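Heads up: the sequence shown runs through residues 1 to 636, numbered per the UniProt record's numbering. Cβ atoms here follow ideal geometry from the backbone N, Cα and C, with glycine treated the same way. These figures come from a predicted structure and were not determined experimentally. Below is one structure, written out as structure tokens; the observations come after it.
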Amino acid sequence: MGKIRLTTSQALIKFLNQQYINVDGEEFPFVEGVFNVFGHGNVLGIGQALEQDAGHLKVIQGKNEQGMAHAAIAYSKQMLRQKIYAVTTSVGPGSANLAAAAGTALANNIPVLLLPGDTFATRQPDPVLQQVEHEYSLAVTTNDALKPVSRYWDRITRPEQLMSSLIRAFEVMTDPGKAGPATICIAQDVEGEAFDYDERFFEKRVHYLDRKEPVKRELEGAAKLIKDSKRPVILVGGGAKYSQARDILVSLSEKHHIPLVETQAGKATVESTFKNNLGGLGITGTLAANKAARQADLIIGIGTRYTDFATSSKTAFNFDNAKFLNINVSRLHAYKLDAFQVVADAKVTLEQLAPLLEGYVSEFGSTIFELKEEWTAERERLSNIQFKREGFEPEVKNHFSQEILNEYADQLNTELAQTTALITVNDVIAPDSTIITAAGSLPGDVQRIWNPTVPNTYNVEYGYSCMGYEVSGALGIKLAEPDKEVYSLVGDGSFLMLHSELITAIQYNYKINVVLFDNSGFGCINNLQMDHGGGSYFCEFRTHDNKIMNIDYAKVAEGYGAKTYKVHTVQELKAALEDAKKQSVSTLIDIKVLPKTMTDGYESWWNVGVAEVSQKESIQKANDSRKKMLQTAKQY
């Protein structure tokens, strides 16, 4: 048995180069590259190993640990979880910055390899720079904070530990049922320590993404449930997209007249132009989807986690009448809402179900068409919102006084509604462009009114709704699809949280387009507080003398080297979008939009904490309303 003497870090990089994945008979490298922010704890270990021999791995310098990890997550998501980037950071605050990104990957079941540096295994120089200390244990480091947001977590304190740890990490990341972030913390002294590794450890290793097939009992039970139902609805989740189940979904929906509704992760599995696709379900869903779901006597959940936004806090369905059939590679998610479980791959399951459903047709009749037409008319209304000094036309839901709205119009020099601007973007950009967003009011707007006509062009992170994902993630999508345009739809609040990887995109000439919707505040949360009886309290961006802030975001991005545009009207927006297409550098379109002009409602409800004791009558009413809604919600 041959041996090869390498440092722990050199062994790590050599191993990463030899990991392959096999999907439906096609084989390719699983690890595309490594994002890095170097510091003490990784620059002399992993940094040295990459400099010596990175192999086929692309090495990209990030600007913020959270930002580059978000880029890696968006890359993996766009690649349908079939390829990843690794992310290496220094110790202390560098690794702590990974926590939000790790949570994002975990909530969305996205594989990513996190490699934070750690303190000294020998403890000889303790406490080292950026090391935290606890009286109860010297073994605790900053990286322990990553345990609850990692699917797999390990700490390497001896070089030989790397071997079993890496094999375990890749088993987790390549398992569709439990894919998520794998975190391997390597002590900074151990990163440079040498060991005589078995040469066979570095041989090509292929991880097979085999499709788990349903058993006979599962197929027969699922078929009976569907045939016994009168109005079934298919809920398309992220698992359906990752399984690439588009064609069989369309076929079953057409043949058996079953409407499709979508979660955020499942949107664009099937294009919006498909006649039976009623759009997003739940709190940020369409009126069409929410009406269909309430009529349903069977919900066929395909690859969904049933988050509170998709289920309207478990009020979206008629639980007295509806049954649930869940098809999911994860037993955890398959068991939700007390469903009949099929623990198997979505595409394979639907293909094997098809012959068992011969002759079945739902009783939805013309209802699917009518619901879709009704929503199409509402979307058209939302595309033409006009601001007037005495109000909006057509009317929009609004909490602000007309005086405050007029103040916003004057200070931001705009009369542009957010829905009008968003639909304009949808109409102008190329159909095969991919959009990304994550937090604020924009995820709700895009799930409702964004119409993707090409599958897998919608990369919205709403499992964790992590502010700061939008711009960083756009870089990850561009790495996945360098020949296509990518548009980051981001609010001013999220942009201020994190946009560091816009600089990385410019640095490496990966063109991304940032479309920034500036309403000078945390508009979504402002709606939340005012919807539940509160006032507008610390969610608007106002100066010390109570003036609305008007930040020149275009000038900020121009300083980075981006091509920028300032937009206040639909005409200016169209011109900016057309010109941005012609650019070879990253762009930023600074759109000033009026607050309170996003979508809202459509027969949905969100269960959030409301004060049970308050002197304000409006808050008392909000609490009474919440109690009434809780009586209709499913309790498990």
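For this session: Assuming threonine 564 and glutamate 558 form a contact by the criterion Cβ under 8 Å, report the distance between their Cβ atoms to the nearest whole angstrom.
Result: Within the sequence shown, the letter at position 564 stands for residue 564. Within the sequence shown, the letter at position 558 stands for residue 558. Contact annotation, threonine 564 with glutamate 558: C-beta distance approximately 5 Å; criterion of less than 8 Å satisfied.
For this session: Consult DSSP for cysteine 466 and reduce its assignment to one of helix, strand or coil.
Result: The residue given as residue 466 occupies position 466 in the sequence shown. Three-state DSSP puts cysteine 466 in coil, outside helix and strand.
Exercise. Across which residues does DSSP place threonine 153 in a beta bridge pair?
Worked result: Against the sequence shown, residue 153 aligns to sequence position 153. A quick correction: the sequence has tryptophan, not threonine, at residue 153. Per DSSP, Thr183.
Problem set entry | Within the stretch 467–540, ranges of the alpha helix (DSSP H) (whole runs, at least 4 residues) | List check, alpha helix (DSSP H) in window: 469–480, 492–497, 501–507 and 523–531.
For this session: Quick one: measure Cβ to Cβ for valine 59 and valine 43, integer angstroms, because I've assumed they're closer than 8 Å.
Result: For the purposes of this step, residue 59 is identified with residue 59 of the sequence shown, where counting begins at 1. For the purposes of this step, residue 43 is identified with residue 43 of the sequence shown, where counting begins at 1. Between valine 43 and valine 59 the Cβ distance is about 13 Å, and since that is not below 8 Å, they are no contact.
For this session: Check whether the stretch 373–387 touches the stretch 406–417, taking contact to mean three or more Cβ pairs, one atom from each stretch, closer than 8 Å.
Result: Contact holds: three or more Cβ-Cβ distances are below 8 Å.
For this session: Pull up the distance between the alpha-carbon of tyrosine 20 and that of asparagine 276, whole angstroms please.
Result: Walking along the sequence shown from the start, residue 20 turns up at place 20. Walking along the sequence shown from the start, residue 276 turns up at place 276. In a straight line, the C-alpha of tyrosine 20 is about 38 Å away from that of asparagine 276.
Exercise. What are the boundary residues of the alpha helix (DSSP H) that includes arginine 448?
Worked result: For the purposes of this step, residue 448 is taken as residue 448 along the sequence shown, with counting starting at 1. Arginine 448 -> alpha helix (DSSP H) spans 442–449.
Problem set entry | Close Cβ partners of cysteine 539 (< 6 Å) along its chain, the five nearest in sequence each way excluded | Walking along the sequence shown from the start, residue 539 turns up at place 539. The answer, listed in chain order, is Gly521, Phe522, Ile525 and Asn526.
For this session: Check whether the stretch 392–404 touches the stretch 366–377, taking contact to mean three or more Cβ pairs, one atom from each stretch, closer than 8 Å.
Result: Inter-segment contact for the stretch 392–404 and the stretch 366–377 is absent: fewer than three beta-carbon pairs are separated by less than 8 Å.
Exercise. Using 8 Å as the Cβ pair cut-off and three pairs as the minimum, do the stretch 195–207 and the stretch 233–243 touch?
Worked result: With a cut-off of 8 Å on Cβ pairs, the stretch 195–207 is not in contact with the stretch 233–243, counting fewer than three such pairs.
Exercise. Alpha helix (DSSP H) containing tyrosine 242: first to last residue?
Worked result: Within the sequence shown, the letter at position 242 stands for residue 242. Annotation: the continuous alpha helix (DSSP H) that includes tyrosine 242 extends over 238–242.
Problem set entry | Paired residues, beta bridge with isoleucine 4 - DSSP | Working through the sequence shown from its first residue, we reach residue 4 at position 4. Paired residues: Tyr197.
For this session: Examine chain B for any beta-carbon lying closer than 8 Å to the beta-carbon of leucine 44, and answer yes or no.
Result: Of the protein chains in this structure there is only one, and it is not chain B.
Problem set entry | Top-ranked residue by Cα proximity to glycine 282, from Lys267, Tyr136, Ala139 and Phe274 | For the purposes of this step, residue 282 is taken as residue 282 along the sequence shown, with counting starting at 1. When only C-alpha atoms are compared, the closest one is Lys267.
Problem set entry | Three-state secondary structure assigned by DSSP to isoleucine 385 | The residue given as residue 385 occupies position 385 in the sequence shown. Of the three classes helix, strand and coil, the one that applies to isoleucine 385 here is coil, per DSSP.
Exercise. Just the Cα atoms here: how many angstroms apart are lysine 621 and glycine 533?
Worked result: Position 621 of the sequence shown, counted from the first residue, corresponds to residue 621. Position 533 of the sequence shown, counted from the first residue, corresponds to residue 533. In this model, lysine 621 and glycine 533 are separated by some 8 Å (Cα to Cα).
Problem set entry | Pair within 8 Å by beta-carbon distance, alanine 96 and alanine 145 | Counted from its first residue, the sequence shown places residue 96 at position 96. Counted from its first residue, the sequence shown places residue 145 at position 145. Closer than 8 Å, so yes.
Exercise. Along the chain, where does the alpha helix (DSSP H) that runs through isoleucine 619 open and close?
Worked result: Position 619 of the sequence shown, counting from 1, holds the residue named residue 619. Its alpha helix (DSSP H) spans residues 617–630.
Problem set entry | Exposed unless 16 or more other CB atoms sit within 10 angstroms - verdict on tyrosine 208 | Position 208 of the sequence shown, counted from the first residue, corresponds to residue 208. The residue in question, tyrosine 208, is exposed, as its Cβ has fewer than 16 Cβ neighbours within 10 Å.
Exercise. Among Thr437, Gly609 and Gly177, which residue has its Cα nearest to the Cα of alanine 71?
Worked result: Your numbering for residue 71 matches position 71 in the sequence shown. Comparing Cα positions, the closest option is Thr437.
Problem set entry | Contacting residues, own chain, Cβ-Cβ under 6 Å from glycine 55 (five flanking each side not counted) | As a working mapping, residue 55 is identified with position 55 in the sequence shown. Answer for glycine 55: Asn17, listed in chain order.
Problem set entry | Contact under 8 Å by Cβ, asparagine 513 with tyrosine 487 | Within the sequence shown, numbered from 1, the residue matching residue 513 stands at position 513. Within the sequence shown, numbered from 1, the residue matching residue 487 stands at position 487. The criterion of a C-beta distance shorter than 8 Å is satisfied by asparagine 513 and tyrosine 487.
Exercise. Residues bridged to asparagine 406 by DSSP?
Worked result: The residue you call residue 406 lines up with position 406 of the sequence shown. According to DSSP, residue pairing for asparagine 406 in a beta bridge does not occur.
For this session: State the beta-bridge partners of threonine 437 as determined by DSSP.
Result: Here residue 437 refers to the residue found at position 437 of the sequence shown. DSSP, once it has assigned bridges, lists Val460 as partnering threonine 437.
Exercise. Would you report the Cα separation of leucine 337 and threonine 263, rounded to the nearest angstrom?
Worked result: Within the sequence shown, numbered from 1, the residue matching residue 337 stands at position 337. Within the sequence shown, numbered from 1, the residue matching residue 263 stands at position 263. Leucine 337 and threonine 263 have their C-alpha atoms spaced approximately 16 Å apart.
Problem set entry | Beta-carbon spacing of alanine 102, valine 149 below 8 Å | Here residue 102 corresponds to residue number 102 of the sequence shown, with the count starting at 1. Here residue 149 corresponds to residue number 149 of the sequence shown, with the count starting at 1. Taking 8 Å as the Cβ cut-off, alanine 102 and valine 149 qualify as a contacting pair.
Exercise. Going by alpha carbons, who is nearest to glutamate 213 out of Ala86, Leu235 and Val343?
Worked result: Residue mapping note: residue 213 aligns to position 213 of the sequence shown, counting from 1. Nearest of Ala86, Leu235 and Val343 to glutamate 213, Cα basis: Val343.
Exercise. So, is threonine 453 buried or exposed, given that buried needs 16 or more other C-beta atoms within 10 angstroms?
Worked result: As a position in the sequence shown, residue 453 is number 453, starting the count at 1. A residue is called buried when at least 16 other Cβ atoms come within 10 angstroms of its Cβ; threonine 453 does not meet this threshold and is exposed.
Problem set entry | Every unbroken alpha helix (DSSP H) within the UniProt domain "Thiamine pyrophosphate enzyme central" (220–353), with a cutoff of 4 residues, ordered by chain | Along the length of the UniProt domain "Thiamine pyrophosphate enzyme central" (220–353), whole alpha helix (DSSP H) runs at least 4 residues long occupy 238–242, 246–256, 287–295, 331–334 and 346–353, reported in chain order.
Exercise. Does the distance from the C-beta atom of tyrosine 560 to that of isoleucine 477 stay below 8 Å?
Worked result: If you number the sequence shown from 1, residue 560 lands on position 560. If you number the sequence shown from 1, residue 477 lands on position 477. Contact: no.
For this session: Taking glutamine 48 as part of the alpha helix (DSSP H), name the residues at either end of that continuous run.
Result: Counted from its first residue, the sequence shown places residue 48 at position 48. Run containing glutamine 48: 46–52, per the alpha helix (DSSP H) assignment.
Exercise. Thinking just about the alpha-carbon of each residue, which of Val585, Val567 and Gly39 is nearest to the one in isoleucine 591?
Worked result: Counting from one through the sequence shown, the residue named residue 591 turns up at place 591. For isoleucine 591, the closest C-alpha among the options Val585, Val567 and Gly39 is that of Val567.
For this session: Could you tell me how far apart the beta carbons of isoleucine 551 and glutamine 411 are, in whole angstroms, since I believe they sit closer than 8 Å?
Result: The residue labelled residue 551 in the question sits at position 551 within the sequence shown. The residue labelled residue 411 in the question sits at position 411 within the sequence shown. Contact annotation, isoleucine 551 with glutamine 411: C-beta distance approximately 11 Å; criterion of less than 8 Å not satisfied.
Exercise. Given 8 Å as the limit, is there contact between the stretch 307–317 and the stretch 149–161, that is, 3 or more CB pairs closer than that?
Worked result: Judged by Cβ distances under 8 Å, the stretch 307–317 makes no contact with the stretch 149–161, as fewer than three pairs qualify.
Exercise. Taking the alpha helix (DSSP H) that aspartate 427 falls in, what are its first and last residues?
Worked result: Your numbering for residue 427 matches position 427 in the sequence shown. That run of the alpha helix (DSSP H) goes 418–428.
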